[in-house]
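Residue numbers (the numbering used here): 4 to 680.
Heads up, the beta-carbon is just placed ideally off N, CA and C, and yes, glycines get one too.
The following block contains the structure:
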């Protein structure tokens with residue numbers, strides 16, 4: 004099979020470039036081997052940063068190593084100025100998508116792709132995907148590989164969503180990203196597969212785990228959040244006097260890390276050696292690997308650390324870490340952004356040699372699934388499937404034949420007669436029952452003036468809570484929602500299904516609530532105001548619970564804080580004493596409602612109204628006419644307003660004590676006078 008990888012620069016250092024080169028090297032090593040070419044749009048150095056197998060053809064298009072950009076293949080018109088073209092904006096890839104493209108790259112790509120002889124072209128960025136599907140012959144299959152957390156793209160989002168439907172196959176790093184892309188594109192979504200990055204070929208040296216060094220690596224940029232790692236290490240440094248923190252990499256955040264290190268008094272405990280060429284050797288010197296990124300695709304840092312048998316501590320990102328780190332099996336997963344949780348995990352792992360050895364063995368076992376040759380065989384199957392599908396249809400299928408997208412709705416469930424108050428009570432009772440079964444430290448933050456009560460469960464008991472929720476007898480009209488947060492896209496599902504699916508991650512909160520729409524896709528009575536939230540609080544090194552979000556009371560609950568019994572929405576719960584008291588702006592006294600109403604169709608009452616109007620005296624004719632107009636019979640025609648309003652009080656203001664109906668001696672024929680309210 005003739006396979007071409009289209010990359011921005013095979014000469015640069017980066018995870019995307021390394022992954023493409025690793026795949027190419029593994030494909031030529033297959034039996035039988037494949038004809039593999041790497042087309043590098045730019046040559047930014049004299050030699051590739053990563054080793055390229057001699058059997059792989061490397062074809063750069065534009066040389067940037069000199070003072071002036073040079074097109075390496077004849078494609079320019081006589082007298083054309085490469086520098087001027089390099090400074091002009093690309094037509095294929097607008098600057099808002101990627102500023103590394105120009106009019107010169109347009110010419111180079113058109114020259115290289117318009118007559119390209121290949122079975123499959125693999126693109127590795129959305130901008131290259133856009134270029135490929137516009138320029139390649141229709142006979143060439145396009146497989147696009149996403150190497151980032153696609154749902155968190157900024158400049159690359161537009162070309163991805165615009166051109167992904169025109170690819171034969173789109174490969175995503177994780178099921179969560181695959182689900183997001185399918186949801187975004189709906190009926191025009193292409194064939195998608197989930198495929199992890201492979202580890203580089205060759206044996207990796209193994210760590211003996213006897214070195215008391217916490218190692219992290221990556222570009223020193225804000226996205227990696229290395230300052231949070233320094234802060235977490237500072238919280239436990241006194242309890243781990245023999246341990247050091249080593250952060251490998253270069254970038255503009257280095258001065259900030261130095262400043263943070265000095266501020267924390269860690270001059271001789273935090274090392275910043277810069278970028279290194281032998282990462283495999285560095286992992287062999289590590290005792291613990293750490294990752295604190297805000298977002299990741301499928302982090303090679305964790306894969307390489309595990310290949311060396313090093314246990315990992317990682318923030319849970321929207322993509323990557325939760326698929327790599329299996330909590331308590333090959334590492335420890337921490338709630339995103341939680342410095343308290345990270346410091347507690349580092350202290351636990353550094354202070355327990357047996358735990359480190361057990362998780363290290365689990366890490367080594369996990370790394371076997373990313374063997375380059377095994378992943379290459381899976382890629383060949385993906386390519387062959389795409390080629391077979393192309394033989395039966397053209398690339399650009401008419402979108403006019405695509406059926407309209409069907410919105411996700413609730414299953415056929417019966418919620419007839421259920422009021423919002425009953426729905427809230429049911430949801431809260433289910434969450435409290437699961438919390439009680441999972442933890443001894445659960446509590447409820449009453450809503451008071453907030454929209455929803457919050458059930459608090461320690462993060463360490465998160466798995467048991469979700470397991471209990473999955474087996475709870477929750478009615479079908481309730482759904483579980485994983486909110487959009489920290490890069491995650493929102494997910495919603497039946498309570499047992501989503502509870503089981505969420506077991507692997509470390510998201511900080513979720514919501515239990517009725518489905519937002521019925522089977523007919525229309526909002527229903529219970530779609531608003533019936534939510535119960537669940538928060539998972541990390542435990543810090545002192546054993547205190549630390550909140551993942553702001554609340555009106557405290558971000559930290561001391562270990563052993565006394566709980567008191569309370570009633571929330573008619574459900575017995577336990578909370579803190581301060582949380583059980585009413586707030587200063589909360590109404591606690593009884594509320595009554597008074598309606599005034601007349602029956603405008605009552606001829607006796609209407610005759611009396613006319614008589615009173617006729618008896619008016621001492622006014623001018625004009626004012627009398629005005630009074631008659633404003634007191635006309637149209638004002639008293641019943642359109643069932645009273646009935647709808649009383650129903651609304653019953654549904655949405657259940658805290659009303661009593662309703663007083665003041666009439667002219669009339670009683671609506673539909674009103675039950677024996678009702679207790």
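State the DSSP-derived secondary structure class of residue 512, mapped to helix, strand or coil. For the purposes of this step, residue 512 is taken as residue 509 along the chain shown, with counting starting at 1. The answer is strand: DSSP assigns residue 512 an E or B state.
Hey, how far is the Cα of residue 315 from the Cα of residue 589? Taking the chain shown and counting its residues from 1, the one referred to as residue 315 is at position 312. Taking the chain shown and counting its residues from 1, the one referred to as residue 589 is at position 586. Near 47 Å, if we compare the C-alpha coordinates of residue 589 and residue 315.
Return yes when the Cβ of residue 323 is within less than 8 Å of the Cβ of residue 177, no when it is not. In the chain shown, the residue the question calls residue 177 occupies position 174. In the chain shown, the residue the question calls residue 323 occupies position 320. In this structure, residue 323 lies closer than 8 Å to residue 177 by Cβ.
Just grab the DSSP bridge partners of residue 1 for me. This structure leaves residue 1 out entirely; the chain is present only between 4 and 680.
Taking the alpha-carbon positions, what's the residue 657 to residue 649 distance? Taking the first residue of the chain shown as 1, we reach residue 657 at position 654. Taking the first residue of the chain shown as 1, we reach residue 649 at position 646. Those two C-alpha atoms are separated by around 11 Å.
Using 8 Å as the threshold, is the stretch 505 to 524 in touch with the stretch 325 to 338, meaning 3 or more CB pairs across them? yes
Straight-line CA distance for residue 272 to residue 211? Position 269 of the chain shown, counted from the first residue, corresponds to residue 272. Position 208 of the chain shown, counted from the first residue, corresponds to residue 211. Distance between the alpha carbons of residue 272 and residue 211 is about 21 Å.
Reduced DSSP category for residue 492 - H, G, I as helix; E, B as strand; rest coil: The sequence position of residue 492 within the chain shown is 489, counting from 1. DSSP places residue 492 in coil when its eight states are reduced to three.
With DSSP run on the structure shown, which of helix, strand or coil describes residue 148? For the purposes of this step, residue 148 is taken as the residue at position 145 of the chain shown. Residue state, collapsed to three classes: strand.
In the DSSP assignment, find the alpha helix (DSSP H) that holds residue 265 and state where it starts and stops. Position 262 of the chain shown, counting from 1, holds the residue named residue 265. Segment 257 to 266, the alpha helix (DSSP H) holding residue 265.
Beta-carbon within less than 8 Å of residue 428's beta-carbon, same chain only, minus the 5 sequence neighbours each way: which residues are those? Your numbering for residue 428 matches position 425 in the chain shown. Same-chain partners within the cutoff: 572, 573, 574.
Collapsed DSSP secondary structure at residue 112 in the structure displayed: One-based indexing of the chain shown puts residue 112 at position 109. Helix.
Please give the ranges of any beta strand (DSSP E) in the stretch 525 to 606, keeping only runs that are unbroken, at least 3 residues long and fully inside the region. 535 to 542, 567 to 571, 574 to 578, 594 to 599
Looking at the structure shown, is residue 172 part of a helix, part of a strand, or coil, going by DSSP? Residue numbering aside, residue 172 sits at position 169 when the chain shown is read from its first letter. The answer is strand: DSSP assigns residue 172 an E or B state.
Within 10 angstroms of the Cβ of residue 258, are there 16 or more other Cβ atoms? Answer buried if so, exposed if not. Translated into positions along the chain shown, residue 258 becomes position 255. Around the C-beta of residue 258, fewer than 16 other C-beta atoms lie within 10 Å, and the residue is accordingly described as exposed.
Confirm, please, whether the CB-CB distance from residue 151 to residue 268 is below 8 Å. Here residue 268 refers to the residue found at position 265 when the chain shown is read from its first residue. Here residue 151 refers to the residue found at position 148 when the chain shown is read from its first residue. No, these two residues do not count as a Cβ contact at 8 Å.
Excluding the 5 residues preceding and the 5 following residue 164 in the sequence, name in chain order all residues of the same chain whose CB lies nearer than 8 Å to its CB. Counting from 1 along the chain shown, the entry for residue 164 is found at position 161. 187, 188.
Considering residue 429, what are the terminal residues of the alpha helix (DSSP H) in which it resides? Locating residue 429 in the chain shown gives position 426, where the first residue counts as 1. Here the alpha helix (DSSP H) through residue 429 covers 423 to 441.
What runs of the alpha helix (DSSP H), each 4 residues or longer, lie entirely inside the stretch 241 to 317? 257 to 266, 282 to 286, 303 to 310
In the structure shown, what three-state DSSP assignment does residue 371 receive? Residue mapping note: residue 371 aligns to position 368 of the chain shown, counting from 1. Assigned with DSSP and collapsed to three states, residue 371 falls in helix.
Exposed or buried, which one is residue 349 when buried takes at least 16 other CB atoms within 10 Å? In the chain shown, counting from the first residue as 1, residue 349 sits at position 346. Classification for residue 349: buried.
Classify residue 643 as buried or exposed, calling it buried when 16 or more other Cβ atoms lie within 10 Å of its own Cβ. By one-based count along the chain shown, residue 643 stands at place 640. Residue 643 is classed as exposed because its beta carbon has fewer than 16 other beta carbons within 10 Å across all chains shown.
Is it right to say residue 668 is buried, meaning 16 or more other beta carbons lie within 10 angstroms of its own, or is it exposed? Residue numbering aside, residue 668 sits at position 665 when the chain shown is read from its first letter. With fewer than 16 other Cβ atoms within 10 Å, it is exposed.
Could you check the C-alpha separation between residue 81 and residue 116 for me, to the nearest Å? Taking the first residue of the chain shown as position 1, residue 81 is located at position 78. Taking the first residue of the chain shown as position 1, residue 116 is located at position 113. Residue 81 and residue 116: Cα-Cα distance of roughly 21 Å.
Could you check the C-alpha separation between residue 196 and residue 270 for me, to the nearest Å? Residue 196 sits at position 193 when you count from the first residue of the chain shown. Residue 270 sits at position 267 when you count from the first residue of the chain shown. The straight-line gap from Cα to Cα measures roughly 47 Å.
Sequence-distant residues of its chain with Cβ nearer than 8 Å to residue 532 (five each side left out): Sequence index remark: in the chain shown, residue 532 carries index 529 (1-based). Same-chain partners within the cutoff: 423, 427, 454, 655.
With distances taken between CB atoms, is the gap from residue 248 to residue 278 smaller than 8 Å? Reading the chain shown from its first residue, position 245 is the one you call residue 248. Reading the chain shown from its first residue, position 275 is the one you call residue 278. The answer is no: Cβ separation not under 8 Å.
In whole angstroms, give me the CA-to-CA distance for residue 134 and residue 95. As a position in the chain shown, residue 134 is number 131, starting the count at 1. As a position in the chain shown, residue 95 is number 92, starting the count at 1. In a straight line, the C-alpha of residue 134 is about 6 Å away from that of residue 95.
With distance defined between alpha-carbon atoms, name the residue in 677, 553, 562, 555 nearest to residue 545. Indexing the chain shown from 1 puts residue 545 at position 542. When only C-alpha atoms are compared, the closest one is 562.
Same chain, Cβ closer than 6 Å to residue 5, five either side skipped, listed in chain order: Mapped onto the chain shown, residue 5 falls at position 2. Excluding five sequence positions before and after residue 5, the CB atoms of its chain that fall closer than 6 Å to its own CB belong to 38, 121, 122, given in chain order.
Compute the distance between the beta-carbons of residue 383 and residue 26, then report whether it is under 8 Å. Within the chain shown, residue 383 is the residue found at index 380, counting from 1. Within the chain shown, residue 26 is the residue found at index 23, counting from 1. No. Outside cutoff.
Own chain, CB closer than 7 Å to residue 607, minus 5 neighbours either side, in chain order: Along the chain shown, one-based indexing puts residue 607 at 604. Here the set comprises nothing.
Helix or strand or just coil, what does DSSP make of residue 120? Position 117 of the chain shown, counted from the start, is the residue given in the question as residue 120. Looking at residue 120 - three-state DSSP - the assignment turns out to be coil, as it is neither helix nor strand.
Provide the residue(s) that pair with residue 34 in DSSP beta bridges, ordered along the chain. In the chain shown, the residue the question calls residue 34 occupies position 31. Note: residue 34 sits in no beta bridge, so no partner.
On a Cα-Cα basis, can you pick out the residue from 619, 536, 540 that is closest to residue 450? Taking the first residue of the chain shown as position 1, residue 450 is located at position 447. Among 619, 536, 540, the Cα nearest to that of residue 450 belongs to 536.
Residue 144 versus residue 390 - alpha carbon distance: Residue 144 sits at position 141 when you count from the first residue of the chain shown. Residue 390 sits at position 387 when you count from the first residue of the chain shown. In a straight line, the C-alpha of residue 144 is about 6 Å away from that of residue 390.
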